[in-house]
Ligand code: NAD
Ligand code: MG
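Numbering (full-length UniProt numbering), first residue to last: 1 to 389.
If you want it as structure tokens, here you go:
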């Protein structure tokens with residue numbers, strides 16, 4: 001039986017890895033919707049190759065370009081945010097949520113509302129609106145599967161276990177591009193330096209977030225939301241080899257570690273085939289050749305994002321939406337050359353401190369999440385202007 005699948009963010013790093021797995025077994029899948037943004041040629045080529053029903057670009061100025069690229073193929077074209085959200089409402093059995101940023105929230109919610117299994121790479125949506133996503137999944141009897149490598153690792157380590165026996169969850173961090181840089185040099189880090197990752201090949205934004213540890217900061221919140229543990233039960237461990245992705249510590253002292261190659265097709269494939277485990281085209285690790293795995297505690301002076309994330313977990317409510325939006329805006333500022341690498345955390349800190357509690361304590365509805373998001377983006381832009389000016 002074929003499964004109906006959609007891929008949101010199909011042209012990105014996770015999207016392309018998902019397509020790689022699906023294209024290896026074309027008879028097994030019936031592709032419904034593929035979405036992208038700027039990369040129209042890639043989006044159209046994949047939609048034609050996979051015989052998708054519809055291709056959607058987030059950029060509504062590119063509809064004609066997309067139509068032209070799809071001409072004669074029978075694949076429908078659409079553009080804009082509304083079309084993107086509607087893609088989430090098209091019936092599908094399995095949906096990959098791999099848009100980058102808070103823009104992934106609304107299409108993901110729609111997919112859950114129609115009961116699809118949502119493979120969630122878009123961690124930002126759990127950070128912004130974790131309770132809303134979980135309650136929507138529950139209400140519509142939809143399954144949420146983690147795709148982030150650490151969360152997939154924890155999920156796998158928990159198979160057959162009782163959450164009451166879980167004492168702690170340890171997620172690992174490679175340390176990113178500046179793991180071994182002298183602290184005083186960080187202020188001069190360039191965009192090109194921050195955009196290269198020692199172990200993983202990922203989209204530019206998450207690569208920079210790895211260097212600043214904002215990625216791990218988001219993942220701490222993602223762990224709390226997904227697994228429902230107390231923030232004090234979650235630890236970050238710097239592990240430069242990126243072979244162990246996470247560990248679960250149990251009340252009997254056992255640590256179950258998930259070891260695997262730094263290839264997202266493992267976590268994507270696990271979510272694609274769950275609850276089965278199927279053969280995947282990833283490297284088999286030769287531990288004798290690797291020789292040693294090393295670990296060190298994270299340095300919060302080097303990576304202030306980790307402390308900010310702890311503050312957000314303590315604050316709760318919509319502070320995750322504020323945190324993520326301020327982070328996305330600060331990252332835009334760094335990419336545009338307006339602020340330095342270390343200023344990103346200062347911007348986020350200031351926005352969190354200055355936020356009116358009314359925004360954070362409002363009930364978690366989609367409208368309130370968007371309101372908090374917009375307010376935080378505006379506030380972050382003002383802070384960036386002050387600092388840049
Ligand atoms: P990417 O930048 O390579 O791709 C992002 C995708 O989103 C592209 O298809 C792009 O066209 C689309 N997009 C960008 N802006 C959009 C917008 N405003 N509206 C709609 N679509 C938009 O990113 P990625 O590295 O593939 O990451 C995707 C998500 O997966 C992120 O949430 C990231 O944190 C998460 N993730 C990625 C990795 C990885 O290895 N790349 C690992 C774990 C989690
Ligand atoms: Mg990760």
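Note that the Cβ used here is the ideal one computed from N, Cα and C, for glycine as well.
Determine the extent of the beta strand (DSSP E) in which residue i is found, giving its start and end residues.
i, result
"residue 264", "Unbroken run through residue 264: none, as it is neither H nor E."
"residue 170", "166-173"
"residue 238", "234-238"
"residue 259", "255-259"
"residue 56", "54-57"
"residue 250", "244-250"
"residue 117", "117-120"
"residue 357", "Looking at the DSSP string, residue 357 is not in any beta strand (DSSP E); the run it does join, the alpha helix (DSSP H), is 357-361."
"residue 64", "Residue 64 -> not in any beta strand (DSSP E); alpha helix (DSSP H) instead, spanning 63-70."
Nearer than 7 Å: is that true of the beta carbon of residue i relative to any heavy atom of the ligand NAD?
i, result
"residue 243", "no"
"residue 202", "yes"
"residue 431", "Nothing about residue 431 can be read from this structure; the chain reaches only from 1 to 389."
"residue 222", "no"
"residue 123", "yes"
"residue 358", "no"
"residue 84", "yes"
"residue 100", "yes"
"residue 68", "no"
"residue 11", "yes"
"residue 377", "no"
"residue 264", "yes"
"residue 384", "no"
"residue 329", "no"
"residue 62", "no"
"residue 79", "no"
"residue 175", "no"
"residue 38", "yes"
"residue 15", "yes"
"residue 104", "yes"
"residue 58", "yes"
"residue 206", "yes"
"residue 172", "no"
"residue 18", "no"
Regarding residue i and the ligand MG, is the C-beta to nearest heavy atom distance less than 7 Å?
i, result
"residue 219", "yes"
"residue 148", "yes"
Check whether the Cβ atoms of residue i and residue j sit closer than 8 Å, and answer yes or no.
i, j, result
"residue 255", "residue 324", "no"
"residue 318", "residue 364", "yes"
"residue 48", "residue 75", "yes"
"residue 106", "residue 12", "no"
"residue 383", "residue 321", "no"
"residue 59", "residue 83", "no"
"residue 281", "residue 265", "yes"
"residue 128", "residue 354", "no"
"residue 211", "residue 177", "yes"
"residue 149", "residue 220", "no"
"residue 55", "residue 66", "yes"
"residue 238", "residue 179", "yes"
"residue 130", "residue 8", "no"
"residue 152", "residue 267", "yes"
"residue 44", "residue 79", "no"
"residue 2", "residue 29", "yes"
"residue 247", "residue 285", "no"
"residue 338", "residue 388", "yes"
"residue 91", "residue 4", "yes"
"residue 165", "residue 251", "yes"
"residue 234", "residue 133", "no"
"residue 340", "residue 192", "no"
Kindly indicate the opening and closing residues of the alpha helix (DSSP H) around residue i.
i, result
"residue 7", "Looking at the DSSP string, residue 7 is not in any alpha helix (DSSP H); the run it does join, the beta strand (DSSP E), is 3-8."
"residue 344", "343-354"
"residue 35", "Note, residue 35: premise wrong, no alpha helix (DSSP H); beta strand (DSSP E) at 29-36."
"residue 394", "Here the chain covers residues 1 to 389 and nothing more, so residue 394 does not appear."
"residue 151", "149-157"
"residue 130", "123-139"
"residue 107", "105-113"
"residue 313", "305-315"
"residue 97", "Run containing residue 97: none in the alpha helix (DSSP H); it sits in the beta strand (DSSP E), 94-97."
"residue 219", "214-227"
"residue 321", "319-335"
"residue 43", "40-49"
Just checking: is the beta-carbon of residue i within a distance shorter than 8 Å of some beta-carbon in chain D?
i, result
"residue 169", "Protein chain content of the structure displayed is limited to a single chain, and chain D is not contained in it."
At least 3 beta-carbon pairs within less than 8 Å: the segment 316-334 vs the segment 141-149: The segment 316-334 is not in contact with the segment 141-149.
The segment 157-167 / the segment 342-353 touching (three or more Cβ pairs under 8 Å): Taking a cut-off of 8 Å on C-beta distances, the segment 157-167 does not touch the segment 342-353, as fewer than three cross pairs fall below it.
Touch test, the segment 255-273 against the segment 19-38, Cβ-Cβ under 8 Å, three pairs minimum: The segment 255-273 is in contact with the segment 19-38.
Contact between the segment 218-227 and the segment 101-113 (3+ Cβ pairs under 8 Å): By the Cβ test, the segment 218-227 is not in contact with the segment 101-113, since fewer than three Cβ pairs between them sit closer than 8 Å.
The segment 26-46 contacting the segment 77-91, beta-carbon criterion three pairs below 8 Å: Yes, since at least three Cβ pairs between the segment 26-46 and the segment 77-91 fall closer than 8 Å, the two stretches touch.
Sufficient close CB pairs (3 or more, under 8 Å) joining the segment 112-122 to the segment 203-210: With the cut-off at 8 Å, the segment 112-122 and the segment 203-210 do not touch.
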